[in-house]
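Just below is one structure, and these are the notes that go with it.
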Amino acid sequence: MSLDAASRPAGEPSSRAAPWSAADSPSAELRPAAEPWSGAEPWSGAEPWSAAEPASAPIWQPHELWSPGYREWLPAAELRRTVTCFWVSVAPPGAGPSVTTVLPDGCSDLIWQSGRGAYVAGPDTGPAPAELPAGTVIVGARFRPGAGGPALGLPLAELRDARVDLTDCRPGLARQLPADLSPRQALTRVTAVAAELAAGGPPDAAVLHGISLLAAGQTNVASLGPALSLSERQLRRRFEQAAGYGPKTLQRVLRFRRLIRQLTVAPERPELASLAIRLGYADQSHLTRDTTRLAGLPPAALARTFSPHRR
10 MSLDAASRPA GEPSSRAAPW SAADSPSAEL RPAAEPWSGA EPWSGAEPWS AAEPASAPIW
70 QPHELWSPGY REWLPAAELR RTVTCFWVSV APPGAGPSVT TVLPDGCSDL IWQSGRGAYV
130 AGPDTGPAPA ELPAGTVIVG ARFRPGAGGP ALGLPLAELR DARVDLTDCR PGLARQLPAD
190 LSPRQALTRV TAVAAELAAG GPPDAAVLHG ISLLAAGQTN VASLGPALSL SERQLRRRFE
250 QAAGYGPKTL QRVLRFRRLI RQLTVAPERP ELASLAIRLG YADQSHLTRD TTRLAGLPPA
310 ALARTFSPHR R
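Now the structure itself:
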């Protein structure tokens with residue numbers, strides 16, 4: 010879950026995966042990069058969370074990190090199996106609250122918020138409105154799909170569609186992230202806590218492999234258990250513990266993310282019926298049902314929101 014409310018008009022949906030990435034250190038130059046869900050084309054066999062940085066990219070300077078807006082960057086290489094990115098969101102000062110609607114992405118986040126402290130955002134199954142007071146600073150570490158449960162040391166299904174104070178699930182870690190930290194202190198500590206969680210709870214390799222197959226469109230849910238040598242019951246239990254969803258729900262969310270990606274990069278307004286078939290929906294009606302459930306919007310409205318031709 011990411012809160013990029015500071016960079017969006019009030020009430021506008023957030024993809025929860027703005028295409029940012031960067032160097033390993035918070036003090037390093039920050040570079041926009043490919044969305045970590047994309048890898049290559051979503052129907053290819055490439056690892057869908059590779060987040061490879063493009064050969065050429067604009068550069069942010071370190072002083073921009075705390076200006077209003079949303080930014081994210083890659084963690085150190087040894088963390089990338091668990092953490093897909095670190096991120097910062099700063100609401101504009103001196104105005105009313107920033108409001109956004111966070112859309113499902115299959116991820117969970119460790120979040121520090123100024124004035125509140127630390128909490129965990131579980132994976133969502135529908136649109137989640139979020140409102141931030143003016144000037145609020147948020148620092149987050151985003152766990153990739155299937156890595157949040159092992160890292161946090163609890164069944165992630167218990168946090169589905171929830172925002173839970175860190176004191177309720179990891180009180181020892183919560184004491185490291187009090188509400189009165191400075192933003193720079195919070196960033197240093199969130200980075201350290203995320204590294205500690207990643208080291209203590211490596212992802213379930215079978216679940217990660219299954220997610221990669223689903224994301225790349227290389228299998229369906231019915232074939233996933235045999236492909237991983239797991240019974241249907243084991244498959245569901247391990248997915249719910251690690252990812253917070255059963256495999257069918259996660260497949261729906263991943264397909265939705267591919268849709269958002271296509272809407273964002275489409276050179277012209279997409280033809281929804283053909284896009285639905287290409288992304289693995291049965292037909293345009295299936296696409297409509299899924300987008301309405303996951304985004305609270307029909308696909309035409311979603312396309313207007315994320316298409317580069319919306320204005």
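Convert by adding 9 to the 1-based position in the sequence shown; the result is the number in the numbering used here. Every residue, glycine too, gets a C-beta built ideally from N, C-alpha and C. As the structure is a computational prediction, the values presented were derived from the model and not from experiment.
Less than 9 Å between the C-beta atoms of V92 and A156, yes or no? yes
Could you name the residues of the same chain whose beta carbon sits closer than 6 Å to that of D174, not counting the 5 residues immediately before and after it, in chain order? Y128
Cα-Cα, which of W82, R184, C116, N229 is closest to A291? N229
Identified DSSP bridge partners for G149: W96, I120
Taking only beta-carbon atoms, is L303 less than 9 Å away from chain D? In the structure shown, chain D cannot be found, because there is only a single protein chain.
To the nearest angstrom, how far is the alpha carbon of A143 from that of A208? 35 Å
Neighbourhood of G305 by C-beta, 6 Å cutoff - its chain only, sequence neighbours within 5 removed: P136
Less than 8 Å between the CB atoms is what I'm expecting for G2 and G253, so what's the real figure, rounded? This structure gives no information on residue 2, because the portion of the chain shown stretches from 10 to 320.
Can you tell me whether Q122 is buried or exposed? The criterion is at least 16 other CB atoms within 10 Å of its CB, across all chains shown. buried
Please say whether E140 and P106 have beta carbons closer to each other than 9 Å? yes
Take L237 and list the residues in its own chain whose beta-carbon comes closer than 8 Å to its own, dropping the five residues that flank it on each side. A215, H218, G219, L244
Distance between L206 and Q160 (C-alpha atoms, nearest Å): Per the sequence shown, residue 160 should be read as Ala rather than Gln. If I take the Cα positions, the gap works out to 5 Å.
Would you report the Cα separation of E241 and G234, rounded to the nearest angstrom? 6 Å
Please classify S76: is it buried, with 16 or more other beta-carbons within 10 angstroms of its beta-carbon, or exposed? exposed
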